[in-house]
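Numbering that gives the first Met the number 0 puts the last residue of the sequence shown at 407; the count rises by one with no breaks.
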Amino acid sequence: MGEYSKALSSQETALEIFKVALPPNHPDLATSYSNIGGVYNNMGEYSKALSSHEMAFEIRKITLPPNHPDLAASYNNIGKVYNQMGEYSKAVSSYKRSLEILEVALPSNHPILATSHNNIGKVYSDMGEYSQALVWCERSLEMKKIALPLNHPDLASSYNNIGELYYRMGEYTKALSSHERSLEISKIALPPNHPHLATSYSNIGLVYSSMNEFSKSLSSYERSLEIFKMVLPSSHPVLAHSYNNIGMVHSRMKEYSKALSSYEKSLEIFKIALPLNHPDLVRFYNNIGMVYSRMGEYSKALVWFEKSLDIGKIALPSNHPDLAAFYNNTGEAYHRMGEYSKALSSYERSLEILKIAVPLNHSYVVSSYNNIALVYSDMGESSKALSYYQKVQEISKKSLSSTHPDVS
């Protein structure tokens with residue numbers, strides 16, 4: 000936090016000097032506003048970051064040609080902040096406008112074009128449109144392989160994003176391979192406490208967790224947290240994610256008190272750093288519900304699941320896979336409580352979303368069919384249960400067998 004405060008103070012001092020010494024629309028003023036926006040963004044103060052980047056953009060729009068790279072930079076910076084605020088459609092719009100300018104202003108193999116493609120892919124990933132995201136991110140990686148040295152940090156970033164997409168698509172082996180390649184590059188290219196290393200460790204931890212290798216997962220997550228604590232402000236949302244991830248692993252290891260302790264630390268940070276309807280806060284509520292569910296306290300679990308759903312329906316696209324997970328978890332709690340009609344309704348809504356959001360042979364779809372079959376069986380409706388079990392068998396023969404993980 001101290002380094003960010005020093006950087007902010009330095010940039011604000013420079014801005015005040017420029018305001019006195021330069022005309023009101025001088026390009027150096029735009030640069031100062033942009034730099035201040037970057038510092039605020041790194042501090043997790045997204046509203047202030049957005050305001051600063053918009054000030055930079057307004058000056059550049061007046062003083063620069065319409066296809067100047069600095070205008071593209073402003074659109075890119077604004078898109079980045081919108082993405083971190085969870086305003087994904089605005090983020091995509093800003094990033095694509097940036098790319099349009101860059102494609103006119105730069106050579107076709109310029110590294111910045113690759114970064115622009117990668118940024119668009121990342122937003123599509125956050126929106127749950129993983130196939131679309133993979134197209135953009137793989138295009139970005141191919142550009143970077145041509146334009147950059149083999150151990151350049153930007154290549155590590157691309158492998159990291161592709162690994163995240165494979166994870167979301169349920170292809171864990173491919174995900175792990177991509178994240179490990181990212182980590183290998185980062186270890187060569189970056190200082191030992193660089194945030195990109197922490198991100199790689201975190202993503203490797205997530206894949207191991209989904210593969211049920213919990214000790215490896217916990218080790219990776221804890222290494223990630225150690226690095227983030229060194230380089231980020233104490234209220235930064237990324238720290239909340241780190242505590243949340245560690246809590247998830249403890250929960251799956253049946254270490255529930257440790258899980259709740261980690262989640263409490265995460266909640267404290269989230270409440271300071273993010274809007275109350277932010278998608279990340281929604282996922283956090285779901286994960287607390289999972290702890291109570293695993294403890295057999297289904298009424299408490301439902302409180303958190305329903306809170307997660309209420310906000311998730313506002314904060315996420317209507318067919319986002321995470322909403323399917325929230326409905327699935329709600330259905331499981333109702334099922335355990337013997338409220339079969341409510342359980343069935345939740346499971347069916349989960350399945351409806353999954354049929355749109357992921358491939359039909361995805362493990363999540365298998366899990367949903369199986370859960371519906373179990374409810375019908377417990378209701379004594381054997382023929383309906385059998386029809387769903389048959390669908391499980393049909394899909395399982397073709398592909399996946401893993402179970403539905405927590406949402407991270």
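Think of the CB as a built atom: it goes at the ideal place given N, C-alpha and C, for glycine as much as any other residue.
Per-residue DSSP class, three states only, for residue i
i      : result
Lys253 : coil
His240 : helix
Glu86  : coil
Pro320 : helix
Glu212 : coil
His471 : Residue 471 is absent from the structure shown; the chain starts at 0 and stops at 407.
Pro110 : helix
Ala356 : helix
Ser8   : helix
Met229 : helix
Gly120 : helix
Pro64  : coil
His178 : helix
Leu149 : coil
Pro190 : coil
Thr402 : Any answer about Thr402 is weak, because its pLDDT of 47 lies below 50 and its placement is not dependable; what the coordinates show is given next. Thr402: coil per DSSP, three-state reduction.
Leu273 : coil
Glu102 : helix
Gly311 : helix
Gln294 : Reading off the sequence shown, one finds Met at residue 294, where the question assumed Gln. The answer is coil: DSSP assigns Met294 none of H, G, I, E or B.
Glu15  : helix
Asn21  : In the sequence as displayed, the identity of residue 21 is Leu instead of Asn. Looking at Leu21 - three-state DSSP - the assignment turns out to be coil, as it is neither helix nor strand.
His235 : coil
Gly78  : helix
His361 : coil
Glu351 : helix
Ser142 : The sequence given here has Met at residue 142, not Ser. Helix, per DSSP.
Gly204 : helix
Glu380 : coil
Glu44  : coil
Minimum C-alpha distance to residue i - residue among the options
i      : options                           : result
Arg282 : Met252, His240 and His178         : His240
Leu238 : Tyr255, Glu212, Ser208 and Phe269 : Phe269
Gly246 : Met229, Leu224 and Ser234         : Leu224
His25  : Leu196, Arg59, Leu133 and Ser250  : Arg59
Lys253 : Asn276, Met294, His235 and Gly85  : Met294
Ala146 : Ser156, Met168 and Ser107         : Ser107
Asn276 : Ala72, Lys215 and Gln83           : Gln83
Asn66  : Ile271, Arg96, Val38 and Met42    : Arg96
Lys121 : Ala197, Leu133 and Pro110         : Leu133
Ala113 : Ser157, Phe56 and Ser199          : Ser157
Val410 : Ser395, Val364, Lys354 and Ser344 : One cannot answer for residue 410 here, as it falls past the ends of the chain, which runs 0 to 407.
Asp27  : Gly37, Ala372 and Leu14           : Leu14
Ser367 : Pro320, Ser382 and Glu338         : Pro320
Ile119 : Leu259, Trp135 and Asp377         : Trp135
Pro194 : Asn159, Leu217, Tyr255 and Pro110 : Asn159
Asn41  : Leu259, His235 and Ile61          : His235
Arg335 : Pro190, Ala300 and Lys47          : Ala300
Ala72  : Pro64, Gly85 and Tyr94            : Tyr94
Pro22  : Ser218, Leu154 and Ile61          : Ile61
Ile310 : Tyr291, Glu212 and Pro274         : Pro274
Asn211 : Pro190, Tyr166, Val248 and Ser199 : Val248
Ser177 : Gly162, Met168 and Pro190         : Gly162
Tyr242 : Leu259, Tyr39, Tyr255 and Ser265  : Ser265
Status (buried if at least 16 other CB within 10 Å, exposed otherwise) for residue i
i      : result
Ile35  : buried
Asn76  : buried
Glu393 : exposed
Ile352 : buried
Glu263 : exposed
Leu164 : buried
Glu44  : buried
Lys5   : exposed
Gln389 : exposed
Lys79  : buried
Met229 : exposed
Ser233 : exposed
Asn192 : exposed
Ile16  : exposed
Asn202 : buried
Val365 : buried
Ile355 : exposed
Pro278 : buried
Gly337 : exposed
Does the segment 129-147 come within contact of the segment 175-187, defined as at least 3 CB pairs closer than 8 angstroms?
-> no
Three CB pairs or more closer than 8 angstroms across the segment 285-304 and the segment 321-330 | yes
Is the number of C-beta pairs between the segment 89-104 and the segment 47-54 that are closer than 8 angstroms three or more?
-> no
Is the segment 304-324 touching the segment 285-292, taking contact as three or more C-beta pairs under 8 angstroms?
-> yes
Tell me, please, whether the segment 205-218 touches the segment 170-180 by the rule of three or more beta-carbon pairs shorter than 8 angstroms.
-> yes
Check whether the segment 118-131 touches the segment 313-322, counting contact only when three or more Cβ pairs, one atom from each stretch, lie closer than 8 angstroms.
-> yes
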